[in-house]
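Written out below as structure tokens is the structure these notes cover.
Residue numbers (full-length UniProt numbering): 1 to 331.
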């Protein structure tokens, strides 16, 4: 089945099932968008500017999931595919990562809305009532297309270079944490968990590290962390690691270090604790041979997102739509 849209002259296209013959053009559409994003965030890994870097992933996903392609005058002007997650927050879900969709920038909004209208029906028919989309942060038309289709912001990924963020002597002492600091780290992570569960965040990922995991982390030289002190009192914590495999694909690279956790006691907010800790983490990444640093964050975390976006450039936003389950019986 094909759908035709005539919303705008540039956006008029046919949407059909995607086949193998479309994949090279689809990969180039993605790569073209990524090249533009790297102009805004040059610290991003350069390899995805080449369509060949993404083509194998498109081939693999297209072979096992329904996908659509938008065609205008015989050329590919958009594509979209998604992978089924058997359980996300307890629900059967479909996820379209940032590399699994793209469209002609001259008519992105209309093309995306038409492609989603086509593929969303198939996703719902497959029992997926939760739809997740990750999109490049500079593509405002894409974000708008999904916001106009009942999606809301869920998460962000951001990137920065490894230049220092602190100039002059720090106002608080910072020390690399060790296994003897397990209790202090657990207390600060417990405070972070409480903060994330409160309004307006209401976040619970069910993956709070226990003592054994924290002790393993504190003895791993490839994944260090630091504590900031006011006198002898620990008031802040930050942990950095090699690239986060659960973050956006485009930021994952052997030369990317990722912030895993960061927390400052609420009564010490605004005193530069987080900045001092971040500077120490960045200095370690430089010395370890990394070229960039990433972080993923929850936009609904008001102080957290304010801090991360002060020091990092957004590269991806993830959006979520939870379709009313009553539609299954109403259709």
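Just so it is clear, CB atoms sit at the ideal spot from N, CA and C, and this is done for glycine as well. Note that the structure is predicted; figures quoted are calculated from it, not measured.
Boundaries of the alpha helix (DSSP H) in which residue i is found, first to last residue
i           : result
residue 39  : 23-40
residue 108 : 108-125
residue 309 : 302-311
residue 147 : 140-147
For residue i, the nearest candidate out of the options (CA to CA)
i           : options            : result
residue 170 : 230, 219, 137      : 230
residue 327 : 267, 125, 243, 214 : 125
residue 143 : 316, 295, 17, 330  : 316
residue 221 : 44, 65, 240        : 240
residue 71  : 18, 57, 145        : 18
residue 325 : 217, 131, 182      : 131
residue 136 : 246, 301, 33, 300  : 33
Contacting residues, own chain, Cβ-Cβ under 6 Å from residue i (five flanking each side not counted)
i           : result
residue 255 : 290, 291
residue 238 : 226, 262, 277, 281
residue 35  : 49
residue 196 : 203
residue 1   : Annotation note: pLDDT 47 at residue 1 (below 50); position unreliable, coordinate value reported separately. Excluding positions up to five away in sequence, the list is empty.
Sequence-distant residues of its chain with Cβ nearer than 8 Å to residue i (five each side left out)
i         : result
residue 8 : In this prediction, residue 8 has a pLDDT of 49, which is less than 50 and means its spatial position is unreliable; what the coordinates show is noted afterwards. Contacts found: 107, 110.
residue 3 : Confidence in residue 3 is poor, its pLDDT being 44 and thus under 50, which makes the residue's placement unreliable; the coordinate value appears in the next sentence. Answer for residue 3: 14, 15, 114, 117, 118, listed in chain order.
First and last residue of the uninterrupted beta strand (DSSP E) at residue i
i           : result
residue 69  : 67-72
residue 242 : 233-242
residue 227 : 225-230
residue 246 : Careful: residue 246 lies outside any beta strand (DSSP E) and carries neither H nor E.
residue 296 : 292-297
residue 16  : 13-17
residue 76  : 75-81
Distance CB(residue i)-CB(residue j) smaller than 7 Å
i           : j           : result
residue 59  : residue 23  : yes
residue 68  : residue 25  : no
residue 248 : residue 104 : no
residue 154 : residue 319 : yes
residue 251 : residue 98  : no
residue 148 : residue 224 : no
residue 323 : residue 85  : no
residue 297 : residue 305 : yes
Close beta carbons around residue i, own chain, < 7 Å, minus the five adjacent residues each side
i           : result
residue 253 : 45, 243
residue 27  : 51, 54, 55, 58
residue 264 : 235, 236, 273, 274
Contact between the stretch 167-187 and the stretch 30-50 (3+ Cβ pairs under 8 Å): The stretch 167-187 makes no contact with the stretch 30-50, as fewer than three CB pairs between them are under 8 Å.
Segment contact flag, the stretch 183-198 with the stretch 78-93, C-beta cutoff 8 Å, min 3 pairs: Counting C-beta pairs closer than 8 Å gives fewer than three between the stretch 183-198 and the stretch 78-93, which falls short of the contact rule.
Touching by the beta-carbon criterion (3+ pairs, under 8 Å), the stretch 171-179 and the stretch 306-314: Too few Cβ pairs lie closer than 8 Å, so no.
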